[in-house]
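**Student:** Residue numbers for the sequence shown follow my numbering, beginning at 20 and rising by one.
Questions regarding the structure given below will be posed in turn.
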Amino acid sequence: MSILERLKAPTPKFYRVLRNLGLCLAAAGGVLVATPIAIPVALVTFGGYLIVAGSVATAIAQTVVSKENY
20 MSILERLKAP
30 TPKFYRVLRN
40 LGLCLAAAGG
50 VLVATPIAIP
60 VALVTFGGYL
70 IVAGSVATAI
80 AQTVVSKENY
């Protein structure tokens, strides 16, 4: 099964929830990084980590397929 087929295949319910949480984490990190007011450097760095963690969780959760779909 190629990666494109895995991305198009249905995702199990748990991993759909995990994917959506990853998207929320990445969005929250984007808000921290792109905020127009001056915030501490630690918060900007934390925002970058949230973006990476959310993106990785989303990518991994999207490629999971259930056994019935092989």
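Note that the Cβ used here is the ideal one computed from N, Cα and C, for glycine as well.
Start and end of the alpha helix (DSSP H) containing isoleucine 79?
**Tutor:** Its alpha helix (DSSP H) spans residues 60-81.
**Student:** Can you give me the C-alpha to C-alpha distance between leucine 3 and leucine 40, rounded to a whole angstrom?
**Tutor:** For residue 3 there is no data in the structure shown, the boundaries of the chain being 20 and 89.
**Student:** In terms of residue numbering, what span does the alpha helix (DSSP H) encompassing valine 52 cover?
**Tutor:** Start and end: 32-53.
**Student:** Just the C-alpha distance for threonine 54 and valine 84, rounded to the nearest angstrom, thanks.
**Tutor:** Cα to Cα, the separation comes out at about 36 Å.
**Student:** For the alpha helix (DSSP H) containing isoleucine 56, name the first residue and the last one.
**Tutor:** It is not in any alpha helix (DSSP H) - isoleucine 56 carries neither H nor E in the DSSP assignment.
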